[in-house]
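Here is the structure we will look at.
Numbering (our numbering), first residue to last: 25 to 148.
As structure tokens, then:
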């Protein structure tokens, strides 16, 4: 495993702990850290999160995370032995939403095939 990937794994585990147990902002209750990707130079980290709730709750949670980013970064600096603690960029993870949309489309296609099959039987 390459160094950026190892650092990303360490960051993810620590960020999960910090967001889950150290931050008391109620906007962060339904936040899940899904992935962390670190730049090759280890200076920047994109932290992907999902939020249970509507669009406004997503925006508010991301705003709260961005507000807490300096604190989270400082805590990471204390707990991880890195020369430079990466700058954190919190990003909405849309992979799960996209997968859900694909599932819905596939179900719609399957349902459409069933209806077409019933019409063909009626005509035949």
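Heads up, the beta-carbon is just placed ideally off N, CA and C, and yes, glycines get one too.
Asked: Determine whether the beta carbon atoms of residue 47 and residue 93 lie at a separation below 8 Å.; Found: no
Asked: Return yes when the Cβ of residue 133 is within less than 8 Å of the Cβ of residue 114, no when it is not.; Found: no
Asked: Where do the N-terminal and C-terminal ends of the beta strand (DSSP E) with residue 70 fall, by residue?; Found: 68–75
Asked: Can you give me the start and stop residues for the alpha helix (DSSP H) that residue 98 sits inside?; Found: 79–103
Asked: What is the rounded straight-line gap between the Cα of residue 66 and the Cα of residue 82?; Found: 27 Å
Asked: Under the DSSP definition of a beta bridge, which residues are partnered with residue 56?; Found: 74
Asked: Residue range of the alpha helix (DSSP H) that residue 36 falls in?; Found: 27–41
Asked: Would you list the one or two residues that DSSP bridges to residue 61?; Found: 70
Asked: Less than 8 Å between the CB atoms is what I'm expecting for residue 76 and residue 103, so what's the real figure, rounded?; Found: The pair is not a contact, with the Cβ atoms about 27 Å apart (cut-off 8 Å).
Asked: Check this for me: beta carbons of residue 69 and residue 35, under 8 Å apart or not?; Found: yes
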